[in-house]
Amino acid sequence: MSIICSQKKSLEGIPKHIAIIMDGNGRWAKKRFLPRVAGHVKGVDVVRKTVESCKNMGVQALTLFAFSSENWRRPQDEVSFLMKLFLKALDAEVQRLHQEGIQLRVIGDTSKFSPDLVQVIQKAQTVTAGNTEFILSIAANYGGRWDVVQAANRLRQMPDTSNNPWTEDDLLPHLALSDLPDPDLFIRTGGELRISNFLLWQLAYAELYFTDTLWPDFDSISLNLAIDSFRKRERRFGHTTEQLNGLTGATN
Ligand code: IPE
Ligand code: IPE
Ligand code: MG
C-alpha cells in the first residue's frame, strides 16, 4: 500500500517519484584540475538544492543513488572519503530535513558501513520517521540485484501457508520502497546510458531521461528540462493510444 497514493493527489504532469543516478562528479572535478573528491563535495550541495526544488514542485518522493554495491571497487581513499562525506552530510542536514517535514530513508546493505555511520543513519531515520511531506531515500551500498535477493530471503522466512508458487505480489512488500509508488521518472546525469544496477525492479515502467550534464552542474533548469520531457511522454503501460484516449475499452 503506497503511503503517497493514499494520502495525496498528484499534481498534473508532475512525477510523484523521481529516481536519480547522480553521476559525473569525478569528471566535473577533473575538468577543473581538482581531485575527484572535490566533485563529490560539490555534489552534496546539488543534492540539497534538488531536494528543495523537487519538494517545491510537488514531487512527493526522491530516491538518489549515492553509492552502489559496485563502488567498493574504487580506490580505497575515494571510498573512505565518500563514507566520511556521507556521515558528515547526514549529520549536518538531519535537523533541517526534519523541520521541512522530510522523511529520510537509507536503502541498501548498511551492514557493511562503520558503526559510526550506521548510528547516524539510524538516528536520521528515527528522527524523521513520522514525516510524510516528502520522502527522500538515499541508496547507499545499494544494488538492484541485492534488493531482489534480500526480498527473496525475507519472503523465504515468512510462514508458508500454501504450496502455491510465489507471485510478484508476494515478493513486492519485501523490496526496498515497496510502500511508495514506483519511480515515474528516472534521471541519469553524466552522459552514460545505463542503469548500473539501480532500482531494477522498481524502474520497470519509469520514463528514462539521460543528460550529459554532470551532477555538480545539475541545477533547477536541468531538473525542469527533465520534467518537461517527462510531461511530453505518453505512458501506456501496455495499452494502446486509442484505449488511453477512451476510443476503445481499457481493461485495467
Ligand atoms: C558519481 O560520480 C558519484 C558516485 C558514484 C559516488 P562519479 O564519481 O562516478 O563520477 P564520474 O562518473 O567518475 O565522473
Ligand atoms: C553509479 O555510478 C552509482 C552512483 C551514482 C552512486 P557509477 O559511476 O559508479 O556507474 P558506472 O560504474 O559508471 O556504471
Ligand atoms: Mg560515474
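Counting from 1, position 250 in the sequence shown corresponds to residue 287 in the working numbering; the numbering is continuous, with no gaps.
Glycine is no exception: its CB is placed at the ideal position from the N, C-alpha and C atoms.
* For residue 43, which of helix, strand or coil comes out of DSSP? -> As a working mapping, residue 43 is identified with position 6 in the sequence shown. At residue 43 the pLDDT is 43, less than 50, meaning the model places this residue with poor confidence; the figure from the coordinates comes in the next sentence. Correct three-state label for residue 43: helix.
* Asked: Taking the continuous beta strand (DSSP E) assigned at residue 144, which residues delimit it?
  -> Looking up residue 144 in the sequence shown gives position 107. Start and end: 139-144.
* **Sheet register partners of residue 179 (DSSP bridge)** => Position 142 of the sequence shown, counted from the start, is the residue given in the question as residue 179. Here residue 179 is bridged, per DSSP, to 105.
* **Status (buried if at least 16 other CB within 10 Å, exposed otherwise) for residue 274** => Indexing the sequence shown from 1 puts residue 274 at position 237. When all chains shown are included, residue 274 counts as exposed.
* CA nearest to the CA of residue 138, picked from 124, 162, 239 and 220 -> Against the sequence shown, residue 138 aligns to sequence position 101. The option with the nearest alpha carbon to residue 138 is 162.
* Asked: Does the count of Cβ pairs from the region 247-255 and the region 269-283 closer than 8 Å reach three?
  -> Counting Cβ pairs under 8 Å, fewer than three are found: no touch.
* To do: Look at the alpha carbon of residue 134 and the alpha carbon of residue 285, and state the distance between them as a whole number of angstroms.
  => Here residue 134 corresponds to residue number 97 of the sequence shown, with the count starting at 1. Here residue 285 corresponds to residue number 248 of the sequence shown, with the count starting at 1. Whole-angstrom Cα-Cα distance: 46 Å.
* To do: Check whether the Cβ of residue 103 lies closer than 8 Å to any Cβ atom in chain C.
  => Annotation note: the requested chain C is absent from the structure, which comprises a single protein chain.
* Asked: How about the region 82-91 and the region 109-117: do they share at least three Cβ pairs that are nearer than 8 Å?
  -> Because the criterion of three Cβ pairs below 8 Å is not met, the region 82-91 and the region 109-117 do not touch.
* Under 6 Å Cβ to Cβ from residue 145, same chain only, skipping five residues before and after it: list those, please. => For the purposes of this step, residue 145 is taken as the residue at position 108 of the sequence shown. If we look at residue 145 and ignore the five residues flanking it on each side, its Cβ neighbours are 176, 177, 178 and 179.
* In whole angstroms, what is the alpha-carbon distance linking residue 54 and residue 140? -> Residue numbering aside, residue 54 sits at position 17 when the sequence shown is read from its first letter. Residue numbering aside, residue 140 sits at position 103 when the sequence shown is read from its first letter. For residue 54 and residue 140, the distance between alpha carbons rounds to 14 Å.
* Per DSSP, which residues does residue 171 bridge with? Please list them. => Here the question's residue 171 lines up with position 134 in the sequence shown. Paired residues: 139.
* From 206, 211 and 200, residue whose alpha carbon lies closest to that of residue 186 -> Here the question's residue 186 lines up with position 149 in the sequence shown. It is 211.
* Alpha carbon of residue 166 to alpha carbon of residue 160, nearest angstrom -> Sequence index remark: in the sequence shown, residue 166 carries index 129 (1-based). Sequence index remark: in the sequence shown, residue 160 carries index 123 (1-based). Each residue's alpha carbon lies about 10 Å from the other.
* To do: Mind checking who residue 89 pairs with in its DSSP beta bridge?
  => By one-based count along the sequence shown, residue 89 stands at place 52. Bridge partners of residue 89: none, in fact.
* Touching or not, the region 61-81 and the region 222-229, by the rule of three or more beta carbon pairs under 8 Å? -> The way I'd put it, the region 61-81 does touch the region 222-229; three or more beta-carbon pairs between them come closer than 8 Å.
* Unbroken alpha helix (DSSP H) runs of length 4 or more, entirely within the region 182-237: which are they? -> 205-208
* **Sequence-distant residues of its chain with Cβ nearer than 7 Å to residue 183 (five each side left out)** => As a working note, residue 183 is residue 146 in the sequence shown. Cβ within range, chain order: 106 and 146.
* Asked: In whole angstroms, what separates the C-alpha of residue 42 from that of residue 217?
  -> Here residue 42 refers to the residue found at position 5 when the sequence shown is read from its first residue. Here residue 217 refers to the residue found at position 180 when the sequence shown is read from its first residue. Here residue 42 scores only 45 on pLDDT, less than 50, and its place in the model should not be relied on; the value that follows carries that caveat. Distance between the alpha carbons of residue 42 and residue 217 is about 8 Å.
* To do: Report the option in 172, 155 and 219 whose CA atom is closest to the CA atom of residue 209.
  => Within the sequence shown, the letter at position 172 stands for residue 209. It is 219 whose Cα lies nearest to the Cα of residue 209.
* Asked: Should residue 58 be listed as close to ligand 4, given that the test is whether its C-beta is under 7 Å from any heavy atom?
  -> Absence of ligand 4 from the depicted structure is noted, with ligand 1, ligand 2 and ligand 3 being the only ligands included.
* For residue 70, does the count of other Cβ atoms within 10 angstroms reach 16, so buried, or fall short, so exposed? -> If you number the sequence shown from 1, residue 70 lands on position 33. Looking at its Cβ environment, which holds fewer than 16 other Cβ atoms inside 10 Å, residue 70 is exposed.
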